[in-house]
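Quick notes on the structure that follows.
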Amino acid sequence: PPGPNLRGGPLHSNYQMVQFHSHWGTCSETGSEHTVDGEHYAGELHLVHYNVDKYNKPSEAACSDKGLSVVAIFFKEGKPHHELKKITDCMSKVTFKGMKCPLQQDIDINSIIPANSSYWTYEGSLTTPPCYESVTWIVFKEPIEVSREQFEAFRELMSYKEGGGPQVATDGPILKNFRPPQPLNGRVVREPAE
């Protein structure tokens with residue numbers, strides 16, 4: 001079934017969610033791809049949407065103007081997050097690259113969105129190669145809490161297939177999968193009027 005839709009604020013088209021993923025670091029002081037006043041959060045969740053009004057498929061939108069919108073939600077270490085627990089509980093069954101585990105319950109995306117809906121927005125790029133400049137970023141100001149145990153479930157994921165063992169020096173537990181902050185390069189970060 002199609003994912004949730006996003007429209008309004010900085011978006012003048014309909015965007016449909018196609019995937020979500022997380023970024024994290026080795027400890028609770030680093031892991032987010034965005035910073036606030038130079039400070040990292042422990043991690044960051046990305047809800048990736050593509051412009052269904054202009055493009056027929058996500059791959060076409062990814063390399064096109066106004067093709068994607070990514071909602072970024074900061075993680076901070078704290079109490080367990082009930083909705084994310086549905087995902088982190090499944091991670092022990094997908095320790096190695098290529099493994100799959102059906103979720104036992106649907107994920108309620110609205111339960112992951114911070115209570116405070118304040119955000120920053122800017123036009124930027126994907127954070128993974130080929131880093132297309134096709135993204136309208138919506139970065140929530142308020143982080144959500146995720147427990148240390150939930151972070152450990154992320155950090156126990158392996159970057160190689162089961163039985164194959166590490167093939168290159170960088171294979172092993174995924175302990176740091178975030179891109180360092182990039183210069184603004186003339187981008188304007190906007191804050192909508194409350």
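Take the sequence shown: its position 101, counted from the start at 1, is 101 in UniProt numbering, and no numbers get skipped. Built from N, CA and C at the ideal position, the CB exists for glycine as well.
query, result
"8 Å Cβ cutoff met for L84 and Q182", "no"
"Uninterrupted alpha helix (DSSP H) stretches inside the stretch 57-85 (no shorter than 4 residues)", "58-62"
"Cβ-Cβ distance between L2 and Q16 below 8 Å", "Sequence check: residue 2 is Pro here, not Leu. A contact, by the Cβ cut-off of 8 Å."
"S117 burial status per 10 Å Cβ neighbour count (16 or more: buried)", "exposed"
"Candidates K79, V139, S92 and P102, of which the one nearest V48 by Cα", "V139"
"Local conformation of M99 per DSSP, three classes", "coil"
"Residues of its chain near G131, where Cβ-Cβ distance is below 7 Å and the 5 sequence neighbours each way are ignored", "In the sequence as presented, Gly is not what sits at residue 131; that position holds Cys. So the qualifying residues of the chain are S125."
"First and last residue of the uninterrupted beta strand (DSSP E) at F154", "Not the beta strand (DSSP E): F154 falls in the alpha helix (DSSP H), residues R148 to R155."
"Presumed contact (8 Å Cβ cut-off) between W24 and G38, rounded CB distance", "Not confirmed; about 19 Å, so no contact."
"Residues near K54 by beta carbon distance below 8 Å, same chain, minus five either side", "S13, A61, S64, K66 and G67"
"Option in F178, R187 and G186 with minimal Cα separation from A72", "F178"
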